[in-house]
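Q: Following this message is one structure expressed as structure tokens.
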Amino acid sequence: MDRYLTAEHVALRDRVNRFAREHIEPVSRELDESGRFPWENVRRMADMGLFGVPVPRELGGMGLDYLSYIVVIEELAKFDASHSITVSAHTTLGLSPILTFGSDEQKRRFVPPLASGEVLGGFGLTEPGAGSDASGTRTRAVREGDGYRINGSKIFITNAGVGEIFVATAVTEPGCGAKGISSFIVCKPTTDPDRARQVGCGHRDDLPFAEGFRAGEKEDKMGWRASDTRELHFEDVFVPQGQRLGQEGRGFINFMKTLDAGRIGVAALSLGLAEGALDTAVRYTVDRRQFGQRVWDFQQVQFKLAEIATDIEAGRHLTYHAAWLQDQGMPFAKQAAMAKYFCSELSMRATLGAIQVMGGVGYTNEYPVERMMRDAKICEIGEGTNEIQRLVIARKLLEEMMAEPPMQSVPADEMEPAGT
Ligand SMILES: Cc1cc2nc3c(=O)[nH]c(=O)nc-3n(C[C@H](O)[C@H](O)[C@H](O)COP(=O)(O)OP(=O)(O)OC[C@H]3O[C@@H](n4cnc5c(N)ncnc54)[C@H](O)[C@@H]3O)c2cc1C
Numbered sequence: 000m001d002r003y004l005t006a007e008h009v010a011l012r013d014r015v016n017r018f019a020r021e022h023i024e025p026v027s028r029e030l031d032e033s034g035r036f037p038w039e040n041v042r043r044m045a046d047m048g049l050f051g052v053p054v055p056r057e058l059g060g061m062g063l064d065y066l067s068y069i070v071v072i073e074e075l076a077k078f079d080a081s082h083s084i085t086v087s088a089h090t091t092l093g094l095s096p097i098l099t100f101g102s103d104e105q106k107r108r109f110v111p112p113l114a115s116g117e118v119l120g121g122f123g124l125t126e127p128g129a130g131s132d133a134s135g136t137r138t139r140a141v142r143e144g145d146g147y148r149i150n151g152s153k154i155f156i157t158n159a160g161v162g163e164i165f166v167a168t169a170v171t172e173p174g175c176g177a178k179g180i181s182s183f184i185v186c187k188p189t190t191d192p193d194r195a196r197q198v199g200c201g202h203r204d205d206l207p208f209a210e211g212f213r214a215g216e217k218e219d220k221m222g223w224r225a226s227d228t229r230e231l232h233f234e235d236v237f238v239p240q241g242q243r244l245g246q247e248g249r250g251f252i253n254f255m256k257t258l259d260a261g262r263i264g265v266a267a268l269s270l271g272l273a274e275g276a277l278d279t280a281v282r283y284t285v286d287r288r289q290f291g292q293r294v295w296d297f298q299q300v301q302f303k304l305a306e307i308a309t310d311i312e313a314g315r316h317l318t319y320h321a322a323w324l325q326d327q328g329m330p331f332a333k334q335a336a337m338a339k340y341f342c343s344e345l346s347m348r349a350t351l352g353a354i355q356v357m358g359g360v361g362y363t364n365e366y367p368v369e370r371m372m373r374d375a376k377i378c379e380i381g382e383g384t385n386e387i388q389r390l391v392i393a394r395k396l397l398e399e400m401m402a403e404p405p406m407q408s409v410p411a412d413e414m415e416p417a418g419t
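Each residue of the sequence shown is one higher than the one before, counting from 0 in numbering that gives the first Met the number 0.
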């Protein structure tokens, strides 16, 4: 991967790897079983700067490129997807819309506490009636004085309970479809103030907490169990005009752009899961003996693991290439959708394959591969299902074809005879 990674990327990856081996690996099974949010590790990751990797230094971040952030997400997911999605949802979904579409004042006020990991952020797009069709948003923002009164709810929001700063969409102009949707920065206190106080991060007293904005009960999920997923409710919430993010009516399009970048993060998370599963399966099969030989020595086991390794290599090229395009300021939406759908599907194949070559033990929680399989499944659904990714890719193919100049037809008598 030298084509993409510099010595700085590799050093960052190694630093995250050492941290994950020391602090995540020993607790990942317990966290999965209990569904406990890993506050202690959130504090450690905040101290390492991992909540603001691609954020400029002057706004409290590490000032690194997007590929650095992708490398971090991948490395965390090798050990635990819940840690990885906590950082990913915070960074690409919660923080980056403010960085990209926010006014100078909004950036100055909201980005530093997010980039430092002092508080966590999230992104509220999905609603009970608006999932894949996010333009079906019902949450309503009505102009009132120098702001908006918001009512409605969002579902399945990552970091909803533990986070404090959110970006969310609401309809400001009913009847205009996607063009009637705007986005807002809205704050609420963490649902876990005691733990936040104990670990020394997760809460700031001085944020403009909005009355009536609150998180629901934590979802009991199949995977990403230590990640905090809840509903967000808006009950007569007043948000000042200064917290509208971007122009009125631009909320939907800006959120779609945010998701383009977010999808590279889900691809990286999926890759990390596949790599973690492959690593576990190789070690186990080399150790395990049946019929007087190592399980590894059965050729079908080697073939399965070779296929997984090849998938991972291909997925890494797609993912790093999409991140590289973004870093160059080039269009990347098609490649991000390709990376997301390819890597999430390879992650399912890899985790299932790892369980198969490990036999019964792979199906138990003695090894992490069954958890990795559960964690991989949501990668095919979140940030746009893989069916929606295929639609995005197909739409881009058509756009590219339509943008091409029409082919010049040459009259037959002007054609050169073949072979000259
Ligand atoms: C753990 C978790 C974390 C999440 N985090 C967030 C978050 O932080 N913020 C946020 O806003 N959302 C979040 N989501 C929501 C997630 O993005 C949605 O679940 C996802 O976009 C799919 O929407 P849906 O669940 O309503 O499924 P639906 O849209 O109801 O889809 C159901 C099925 O129909 C298919 N389908 C729908 N439309 C089409 C079509 N046009 N063509 C072909 N097939 C189609 C889908 O692919 C899917 O298979 C999260 C979800 C989960 C489970």
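Quick reminder that beta carbons are idealized off the backbone N, C-alpha and C, glycines included. Small disclaimer: the values here were computed from a predicted structure and weren't measured.
(1) Examine ligand 1 and report whether any of its heavy atoms sits within less than 7 Å of the Cβ of Trp323.
(2) At the level of alpha carbons, what is the spacing between Gly162 and Phe290?
(3) Just the Cα atoms here: how many angstroms apart are Thr257 and Gly328?
(4) Any idea which residues DSSP pairs Cys186 with across the strands?
(5) Just to check, is the beta-carbon of Lys153 closer than 7 Å to a non-hydrogen atom of ligand 2?
(6) My understanding is that Ala349 touches Ala273, with C-beta atoms under 8 Å, so please give their C-beta distance in whole angstroms.
(7) When you compare each of Ala209, Phe122, Ala177, Gly120 to Tyr147 by their alpha carbons, which one comes out closest?
(8) Of the choices Ser27, Arg203, Leu268, Val238, whose alpha-carbon is the least far from that of Ile84?
(9) By Cβ distance, which residues of its chain are closer than 6 Å to Val15, with the 5 residues on each side in sequence left out?
(10) Below 8 Å CB to CB, which residues in the same chain sit around Gly93 once its five sequence neighbours on both sides are set aside?
(11) Among Lys106, Glu7, Gly176, which has the Cα closest to the Cα of Ala129?
(12) Keeping to the same chain, check which residues put their C-beta closer than 7 Å to that of His420; ignore five residues upstream and five downstream.
(13) Note down the Cα distance separating Leu124 from Gln388, rounded to an integer number of angstroms.
(14) In angstroms, rounded to a whole number, what distance separates the CA positions of Asp145 and Pro239?
(15) Within the same chain, show all residues whose beta-carbon is closer than 6 Å to that of Gly418, passing over the 5 residues directly before and after it, in chain order.
(16) Does ligand 1 have a heavy atom nearer than 7 Å to the CB of Glu344?
(17) How about Lys217 and Gly160: do their beta carbons lie closer than 8 Å?
(18) What three-state label does DSSP hand Val141 in the structure shown?
(19) Under the assumption that Thr318 contacts Ala353 (Cβ atoms under 8 Å), give the Cβ distance between them as a whole number of angstroms.
(20) Mind checking who His450 pairs with in its DSSP beta bridge?
A: With the structure as the only source:
(1) no
(2) Computed Cα separation, rounded: 53 Å.
(3) Straight-line Cα distance between these residues: approximately 14 Å.
(4) Residue pairing by DSSP places Cys186 opposite Ile164, Phe208 in a beta bridge.
(5) With respect to ligand 2, the structure offers nothing, as its ligand set consists of ligand 1.
(6) 4 Å
(7) Ala209
(8) Leu268
(9) Cβ neighbours of Val15 beyond the five flanking positions: Val71, Glu74.
(10) Leu113, Leu119, Gly120, Gly121, Phe122, Asn158, Gly162, Ile164, Phe165, Val166
(11) Gly176
(12) Examination of residue 420 is not possible in this model, given that the chain is present from 0 through 419 alone.
(13) Each residue's alpha carbon lies about 17 Å from the other.
(14) 6 Å
(15) Confidence is the limiting factor: at Gly418 the pLDDT is only 44, short of 50, which leaves the residue's position unreliable, though a coordinate-based value still follows. Excluding positions up to five away in sequence, the list is empty.
(16) no
(17) yes
(18) strand
(19) Incorrect: roughly 20 Å between the Cβ atoms, too far for contact.
(20) Since the displayed the chain opens at 0 and closes at 419, residue 450 lies outside it and no answer follows.
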